[in-house]
Each structure stands twice: as structure tokens, then as C-alpha cells.
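Everything below concerns the one structure shown next.
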Amino acid sequence: MTLVDGHETRELTSAAFEAVKNGEISVQTPRNALSRGQAKVYAVDAENSDSTSVTIPVGGEYSLISNLTVLFDTSGDIVQYSETLVSENEVGNFNITSYTDGVLVNSEDTDLPFMTDAELRQQANNGADSSDPMAAMGVGSTAACVAAVLGVSGATGYLIVSACTGACSTPGVGTAVCVACIGAYATVGSASVTAVASCFG
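Following the working numbering, the numbering of the sequence shown begins with 389 at its first residue and continues without gaps.
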């Protein structure tokens, strides 16, 4: 998985926004919450499938890791898209709602106490530590694996797993969609792509 910049980035980001505008991509969030200037484009090499993902952060009322990710094939056609909206629910926990191709696939209370974007950034920069709330909660092996491979905190690993479980465990979808989902939240070097995807196995 390699970060792409320049002309291809602008072209694919424009294609994603055009697909939202014309209704080819159906999003739940208001269009003005999509942060075009912060979009990231990755070349994804997985399972002999070359594709490109465009990840567009979702702002507004949603948490830092909320995004729209669009997967394009080599012809520039949309293969799949997913929207992940992370918010604080009425009991003060992170709630993750995921849509694939515009269809609700998951809405879950993570039982993880909500943190501000600043707190999430600080944890992501610090990596896991003994005061990590997920360490105290005995986070599942998948989240622990993702946190270890990416070098992020257990809380961040848990949110990534919660947000990407659908993309990473759906039969027939393939590793490209899983990697694109994970890449939306953390920089995944090509050496760790297989390791991260295998955490979901």
C-alpha cells in the first residue's frame, strides 16, 4: 500500500466527489462534511489485484477516524465504497456505524469510553501503554494484533478493528478492501499489509 500524490490523487479524488454528487455513491453524512483537502489516495496491491483507494475524512459531528473510502479498479471504475461514521452515543461511548455501497452493515456501541480527537491523536502518537483503557479491559486478540503491527494504542487498534471488521471478514471481498479500510486510519507500509490483514484471519 503506497501513498499516491500529484495528478492521480486530484483526478481520483475528483472522481469520488463527482460520484457522490451524481448519486452513484450514496452517503449518509452531509456532503459538506467530506474533507476534500484532506483526502488520501493509496495504491493497493493485494491478492494479485491492483486497485486504488481514496479515503476522504468526514468532519462535523463525527470523530477523527470517520471517513468515506472508495476503491477504484485500474480502469477507474468504482469497485466498492464504504462509509464509517464514529460518534459519541447517549451513554458516552464510541459508536461505530458502517455502510458498504450505501447499505447499513453494522452499528455498534463499542463499550469504549468516547475520547476527543485530541486524545485519540495523543494515544496514536504515544502507542500502547499500561494506562491504556483497552489494556485494562482485556481487548480482543484481533485488536491487540492490529495495535502491535501498526504501533498504535489498544484503543486505536480496537476502533480500527471495529470499523474494518466488515471489510476484512466478508467472503469474496478480498484483501484490497480490508487494506484500504485499515489505511484510512493508519499508515500501512507495504511490509505490514499482509500482517495487518492476517490479524483478521
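The C-beta atom is built at its ideal place from N, Cα and C for all residues, glycine as well.
Buried or exposed (CB count within 10 angstroms, at least 16 for buried), residue i
i	result
alanine 568	buried
glycine 394	exposed
glutamate 545	Note on identity: in this sequence residue 545 is glycine, with glutamate being the wrong assignment. It counts as buried.
lysine 409	exposed
glycine 542	buried
glutamate 471	buried
threonine 401	buried
serine 495	exposed
valine 479	exposed
threonine 440	buried
threonine 417	buried
Nonlocal neighbours in the same chain, by C-beta distance under 6 Å from residue i, ignoring five residues either side
i	result
glycine 448	Ala421
alanine 404	Val442, Val458
valine 549	Thr530, Ala531, Val534
serine 423	Pro445, Gly447
threonine 462	Asp438
leucine 452	Asp505, Leu508
valine 392	Val429, Ala431
For residue i, three-class secondary structure by DSSP
i	result
isoleucine 413	coil
threonine 544	helix
serine 518	Caution applies to serine 518, whose pLDDT of 41 falls short of 50 and renders its modelled position unreliable; the value that the coordinates give is listed next. It is coil, neither helix nor strand.
aspartate 505	helix
isoleucine 570	helix
phenylalanine 405	helix
serine 474	Note on identity: in this sequence residue 474 is valine, with serine being the wrong assignment. Valine 474 falls in the strand class under three-state DSSP.
serine 486	strand
leucine 538	helix
serine 550	helix
threonine 462	coil
valine 392	strand
valine 584	helix
leucine 400	helix
valine 454	A quick correction: the sequence has serine, not valine, at residue 454. The answer is coil: DSSP assigns serine 454 none of H, G, I, E or B.
Option nearest residue i by Cα separation, candidates the options
i	options	result
serine 486	Leu456, Val479, Val537, Glu478	Leu456
proline 501	Thr488, Gly490, Asp489, Asn481	Asn481
glutamine 468	Gly490, Thr544, Pro418	Gly490
isoleucine 615	Val432, Val415, Ala506, Ser414	Lying before the first or after the last residue shown, residue 615 is absent from the chain, which here runs from 389 to 589.
asparagine 483	Leu547, Leu400, Val540, Val429	Leu547
glycine 425	Thr440, Arg398, Ala506, Gln416	Arg398
isoleucine 466	Tyr450, Gly539, Ala407	Ala407
Other residues of its chain near residue i: CB distance less than 7 Å, five sequence neighbours each side excluded
i	result
glutamine 510	none
alanine 427	Thr401, Val442, Thr443, Ile444
valine 415	Val408, Leu456, Glu471
glutamate 396	Val429
Beta-carbon contacts of residue i that lie in its chain and below 8 Å, excluding the five residues immediately before and after
i	result
valine 537	Ser580, Ala583, Val584, Cys587
serine 475	Glu449, Tyr450, Ser451, Ser454, Phe482, Asn483, Thr485
- Task: Please list the segments of the alpha helix (DSSP H) lying wholly inside the segment 421-448, counting only runs of 4 or more residues, in order along the chain.
- Result: With a minimum length of 4 residues, no continuous alpha helix (DSSP H) run stays inside the segment 421-448.
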